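Student: So that we are looking at the same thing, I have put the structure below in structure tokens.
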Amino acid sequence: MNINDNLSINSPVDNKNVVVVRARKTDTVFKAFKVAPNIWVAPERYYGESLSIDEEYKVDGGIYDSNFLSQDSEKDKFLQAIITLLKRINSTNAGEKLLSLISTAIPFPYGYIGGGYYAPNMITFGSAPKSNKKLNSLISSTIPFPYAGYRETNYLSSEDNKSFYASNIVIFGPGANIVENNTVFYKKEDAENGMGTMTEIWFQPFLTYKYDEFYIDPAIELIKCLIKSLYFLYGIKPSDDLVIPYRLRSELENIEYSQLNIVDLLVSGGIDPKFINTDPYWFIDNYFSNAKKVFEDHRNIYETEIEGNNAIGNDIKLRLKQKFRININDIWELNLNYFSKEFSIMMPDRFNNALKHFYRKQYYKIDYPENYSINGFVNGQINAQLSLSDRNQDIINKPEEIINLLNGNNVSLMRSNIYGDGLKSTVDDFYSNYKIPYNRAYEYHFNNSNDSSLDNVNIGVIDNIPEIIDVNPYKENCDKFSPVQKITSTREINTNIPWPINYLQAQNTNNEKFSLSSDFVEVVSSKDKSLVYSFLSNVMFYLDSIKDNSPIDTDKKYYLWLREIFRNYSFDITA
């Protein structure tokens with residue numbers, strides 16, 4: 002696939018590759034650049050979120066700067082950075098197939114039957130069997146083309162709403178939080194019912210962070226957003242109510258789960274998907290079976306009512322043909338673990354690790370092309386010479402809890418922050434209330450073969466499909482984007498013993514046999530800065546291996562416990 006790199010922020014509007022368009026459901030207009038068929042870049046902050054956020058809505062670890070990406074020089078650097086990342090992705094066979102599939106996977110068109118252009122009776126192909134039996138004859142004999150036959154939902158609209166440009170995805174700059182990447186759908190109903198809907202991506206290409214000894218490659222972060230976009234384009238997005246129990250931590254007899262969207266688990270890959278089809282079967286419902294049926298139904302409608310329909314242009318039909326060459330299982334098999342191997346990119350092996358470090362990290366600046374090119378980091382992921390960003394001083398600091406260490410006279414000795422891992426925690430009995438009985442029919446079995454899920458994507462054929470020039474717009478193609486904002490607060494706890502959070506959760510606090518020497522308290526409290534604990538996802542593996550489940554009730558046991566954690570999982574600890 003050809004990536005158009007002959008673009009700059011000053012490129013003149015030609016209403017082909019450079020356009021000025023209106024944001025959905027708003028009066029906001031922006032300049033967009035077509036970098037590949039149906040793939041656009043808008044070097045602007047995402048319009049759907051206000052850039053002025055009250056303090057109570059700012060999230061821990063976020064960075065908020067309303068001036069970011071406001072100058073033309075910044076916008077041009079953003080455009081060139083996204084082009085570089087897309088060219089890097091496109092430089093491998095797997096990456097080129099992914100981009101080709103995204104370019105091809107247009108949302109399903111709406112059928113049109115009678116009533117005239119200004120008062121259309123819009124239906125989805127296949128949703129009204131009695132009418133659809135006559136659809137081809139109606140289109141060819143009674144309704145003049147092109148003002149009938151079908152309507153498209155994947156388009157950008159000019160400022161005057163008179164010109165339309167085919168689009169599957171638009172890549173914007175970040176929203177209010179400049180270190181948050183996100184993928185959002187245009188229309189929720191179509192994102193879930195098999196019709197499909199276009200996608201907007203918010204992305205930050207200039208800041209990265211370290212995990213263990215290596216820098217996170219922004220290409221893998223963009224691939225994550227691109228894979229998610231396919232769930233929306235194919236209309237197989239799971240319901241928002243479908244959250245799964247991700248094993249967050251386990252301290253001795255205390256087991257806790259977090260709520261995680263199933264798409265995040267599937268896109269992560271690695272060892273995470275092992276949670277599927279394993280007891281407890283809390284999240285195994287009919288998503289896999291229903292999504293497969295919806296997918297096959299739309300493939301059948303394409304084959305019976307669209308493929309041979311002369312009233313529908315080849316630019317539409319040929320894209321749908323390529324879209325349905327792959328199976329829904331192929332989409333579920335696409336994950337970051339697969340692409341990290343294709344690109345020889347190092348990445349966290351668990352979703353939880355990646356997400357946790359998103360919330361407690363320092364950021365490094367990426368300069369294109371000085372230290373990043375289409376081949377990745379110029380000096381590699383480990384040896385890349387990146388400078389710490391001056392934006393680190395603006396990172397929002399909102400711990401989940403603050404532990405105040407008090408002496409016997411209630412005098413404060415130390416103030417410690419406890420940070421979460423960014424996952425949505427469970428409420429009491431959440432999964433007990435929603436537990437679904439095991440049903441073998443609902444299982445999803447991963448493909449264990451070495452075949453790529455992109456094998457059926459034919460790059461040569463896709464490159465020769467004519468671009469969609471004349472768009473027949475279906476005007477009700479989107480919802481108004483409404484960001485979900487939750488007030489974040491910090492809880493304070495007073496204690497006379499400086500326990501780490503994992504230790505606090507593992508012990509019975511009213512155990513009279515437990516005691517720590519005053520020497521230990523004095524040593525800890527003499528530090529000139531507070532101790533900062535983070536939830537340690539890896540600690541559960543260590544704790545699971547402990548054969549003796551008796552309380553850690555002596556200084557020596559406590560020391561050995563901490564030493565083992567620091568020795569094995571020190572890269573997970575921020576102090």
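Position one of the sequence shown corresponds to residue 2 (my numbering), numbered consecutively onward. All C-beta atoms, glycine included, are put in the ideal place defined by N, C-alpha and C. Small disclaimer: the values here were computed from a predicted structure and weren't measured.
#1: Under 8 Å: do the region 179-187 and the region 461-476 share three or more Cβ pairs, one atom per stretch?
#2: Taking the Cβ atom as the reference point for each residue, do I172 and I40 lie within a distance shorter than 9 Å?
#3: Pick helix, strand or coil for I403, following the three-state DSSP scheme.
#4: What's the C-alpha gap between F359 and Y210?
#5: Where does E477 land, buried or exposed, given buried means 16+ other C-beta within 10 angstroms?
#6: Count the other CB atoms, across all protein chains shown, that sit within 10 Å of the CB of V582; report buried if there are 16 or more and exposed otherwise.
#7: Between which residues of its own chain and R25 is the CB-CB distance below 6 Å, once the five residues before and five after are set aside?
#8: Using CA atoms only, rank isn't needed, just tell me which of F344, L231 and V462 is closest to D331.
#9: Using the DSSP secondary-structure output, state which residues sit across from N493 in a beta bridge.
#10: CB-CB under 8 Å to S516, same chain, minus the five flanking residues each way: which ones, in chain order?
#11: Quick check on the burial criterion: 16 or more other C-beta atoms within 10 angstroms. Buried or exposed for V22?
#12: What are the partner residues of R23, as DSSP defines its beta bridges?
#13: Going by DSSP, what residues sit across from N178 in a beta bridge?
#14: Could you tell me the distance, in whole angstroms, from the CA atom of A292 to the CA atom of N380?
#15: G387 to N376, Cα distance in whole Å?
#16: Do you know offhand how far F186's Cα is from V295's?
#17: Check whether the Cβ atoms of I579 and Q486 lie closer than 9 Å to each other.
#18: Looking only at its chain, what residues have a beta carbon closer than 6 Å to the beta carbon of D395, apart from the 5 residues adjacent to it on each side?
#19: State the Cα-Cα distance for the pair N495 and N393, rounded to the nearest angstrom.
#20: Taking the CB atoms as reference points, tell me whether N16 and Y166 lie closer together than 9 Å.
#21: Per DSSP, Y232 is paired with what?
#22: On the three-pair Cβ rule with 8 Å, is the region 225-245 touching the region 403-415?
#23: For V458 versus I327, is the C-beta distance shorter than 9 Å?
#24: Which one of H299, I90 and Y48 has the shortest CA to CA distance from Q71?
#25: I'd like the list of long-range same chain contacts for I1, defined as Cβ closer than 7 Å, with 5 residues on each side in sequence excluded.
#26: Using the C-alpha atoms, what's the distance from Q323 back to P175?
#27: By the DSSP assignment, the alpha helix (DSSP H) with E97 in it spans what residues?
#28: Where does F109 sit, in a helix, a strand or coil, going by DSSP?
#29: Spell out the partners DSSP gives W203 in its beta bridges.
#30: Verify whether the separation of the beta carbon atoms of R300 and F340 is less than 9 Å.
#31: Using alpha carbons as the reference points, say which of G112, I90, D73 and I329 lies closest to I4.
#32: For S240, tell me which candidate among I84, N287 and N336 has the shortest Cα-Cα distance.
#33: E201: which of N162, L157 and G195 sits nearest, CA to CA?
#34: Under 9 Å between the Cβ atoms of E57 and I397?
#35: Taking DSSP's pairing of strands, which residues face I40 in a bridge?
#36: In whole angstroms, what is the alpha-carbon distance linking F109 and V268?
Tutor: Quick answer:
#1: Contact fails: fewer than three Cβ-Cβ distances are below 8 Å.
#2: If you number the sequence shown from 1, residue 172 lands on position 171. If you number the sequence shown from 1, residue 40 lands on position 39. Their beta carbons are under 9 Å apart, which means I172 touches I40 by this criterion.
#3: Working through the sequence shown from its first residue, we reach residue 403 at position 402. I403 carries a strand assignment under DSSP once its states are collapsed to helix, strand and coil.
#4: Within the sequence shown, residue 359 is the residue found at index 358, counting from 1. Within the sequence shown, residue 210 is the residue found at index 209, counting from 1. Confidence is the limiting factor: at F359 the pLDDT is only 49, short of 50, which leaves the residue's position unreliable and the question unanswerable from this model.
#5: Here residue 477 refers to the residue found at position 476 of the sequence shown. So E477 counts as exposed.
#6: Residue numbering for the chain in the displayed model covers 2 to 576; residue 582 lies beyond these limits and cannot be assessed.
#7: As a first step, residue 25 must be located in the sequence shown, where it is residue number 24. Only C479 meet the Cβ criterion.
#8: The count along the sequence shown starts at 1 and reaches residue 331 at position 330. Residue nearest to D331 within the set F344, L231 and V462 is L231 (criterion: CA-CA distance).
#9: Start at 1 with the first residue of the sequence shown, and residue 493 comes out as number 492. The question names Asn, but residue 493 is Glu in the sequence shown. Residue pairing by DSSP places E493 opposite I403 in a beta bridge.
#10: Translated into the one-based positions of the sequence shown, residue 516 becomes position 515. With a pLDDT of 44 at S516, under the threshold of 50, the predicted position of this residue should be treated as unreliable, though the coordinate-derived value follows. Excluding residues within five positions, the ones whose Cβ falls inside 8 Å are D554.
#11: Working through the sequence shown from its first residue, we reach residue 22 at position 21. Answer is buried; the Cβ neighbour count reaches 16.
#12: By 1-based counting over the sequence shown, the position of residue 23 is 22. In DSSP, R23 forms a bridge with V30 and S158.
#13: Residue numbering aside, residue 178 sits at position 177 when the sequence shown is read from its first letter. Paired residue(s): Y65.
#14: Translated into the one-based positions of the sequence shown, residue 292 becomes position 291. Translated into the one-based positions of the sequence shown, residue 380 becomes position 379. Those two C-alpha atoms are separated by around 43 Å.
#15: By one-based count along the sequence shown, residue 387 stands at place 386. By one-based count along the sequence shown, residue 376 stands at place 375. One detail in the question is off: residue 387 reads as Leu in this sequence, not Gly. Taking the straight line joining both Cα atoms gives about 16 Å.
#16: Here residue 186 refers to the residue found at position 185 when the sequence shown is read from its first residue. Here residue 295 refers to the residue found at position 294 when the sequence shown is read from its first residue. A straight line joining the alpha-carbon of F186 with that of V295 spans about 18 Å.
#17: With the chain covering only 2 through 576, there is no way to say anything about residue 579.
#18: Mapped onto the sequence shown, residue 395 falls at position 394. Same-chain partners within the cutoff: I64.
#19: In the sequence shown, residue 495 corresponds to position 494, counting from 1. In the sequence shown, residue 393 corresponds to position 392, counting from 1. Their backbone Cα atoms lie some 29 Å apart in a straight line.
#20: Taking the first residue of the sequence shown as 1, we reach residue 16 at position 15. Taking the first residue of the sequence shown as 1, we reach residue 166 at position 165. Yes.
#21: Counted from its first residue, the sequence shown places residue 232 at position 231. Residue pairing by DSSP places Y232 opposite no residue, since no beta bridge is assigned to it.
#22: In short, these stretches do not touch, since the Cβ pair count stays below three.
#23: Here residue 458 is taken as the residue at index 457 of the sequence shown, counted from 1. Here residue 327 is taken as the residue at index 326 of the sequence shown, counted from 1. The answer is yes: Cβ separation under 9 Å.
#24: Residue numbering aside, residue 71 sits at position 70 when the sequence shown is read from its first letter. Position check: residue 71 holds Ser in this sequence, whereas Gln was assumed. Looking at the Cα atoms, Y48 is the closest of the given residues.
#25: Because the chain spans 2 through 576 in this model, residue 1 falls outside it and cannot be assessed.
#26: Taking the first residue of the sequence shown as position 1, residue 175 is located at position 174. Taking the first residue of the sequence shown as position 1, residue 323 is located at position 322. Roughly 31 Å between the two C-alpha positions.
#27: As a working mapping, residue 97 is identified with position 96 in the sequence shown. Residues N94 to T105.
#28: If you number the sequence shown from 1, residue 109 lands on position 108. DSSP places F109 in coil when its eight states are reduced to three.
#29: Translated into the one-based positions of the sequence shown, residue 203 becomes position 202. Answer by DSSP bridge pairing, in chain order: F173 and N183.
#30: Stepping through the sequence shown from its first residue, residue 300 is reached at position 299. Stepping through the sequence shown from its first residue, residue 340 is reached at position 339. It is not a contact, given that the beta carbons lie outside the stated cut-off.
#31: Numbered from 1 along the sequence shown, position 3 holds the residue referred to as residue 4. Selected option, being the one with the closest Cα: I90.
#32: Taking the first residue of the sequence shown as 1, we reach residue 240 at position 239. Checked all of I84, N287 and N336; the closest Cα to S240 is N287.
#33: For the purposes of this step, residue 201 is taken as residue 200 along the sequence shown, with counting starting at 1. Ranked by how close their Cα comes to the Cα of E201, the residues N162, L157 and G195 have L157 in first place.
#34: Counted from its first residue, the sequence shown places residue 57 at position 56. Counted from its first residue, the sequence shown places residue 397 at position 396. The answer is no: Cβ separation not under 9 Å.
#35: The residue given as residue 40 occupies position 39 in the sequence shown. DSSP links I40 through a beta bridge to A37 and I170.
#36: If you number the sequence shown from 1, residue 109 lands on position 108. If you number the sequence shown from 1, residue 268 lands on position 267. Between F109 and V268, the C-alpha separation is close to 23 Å.
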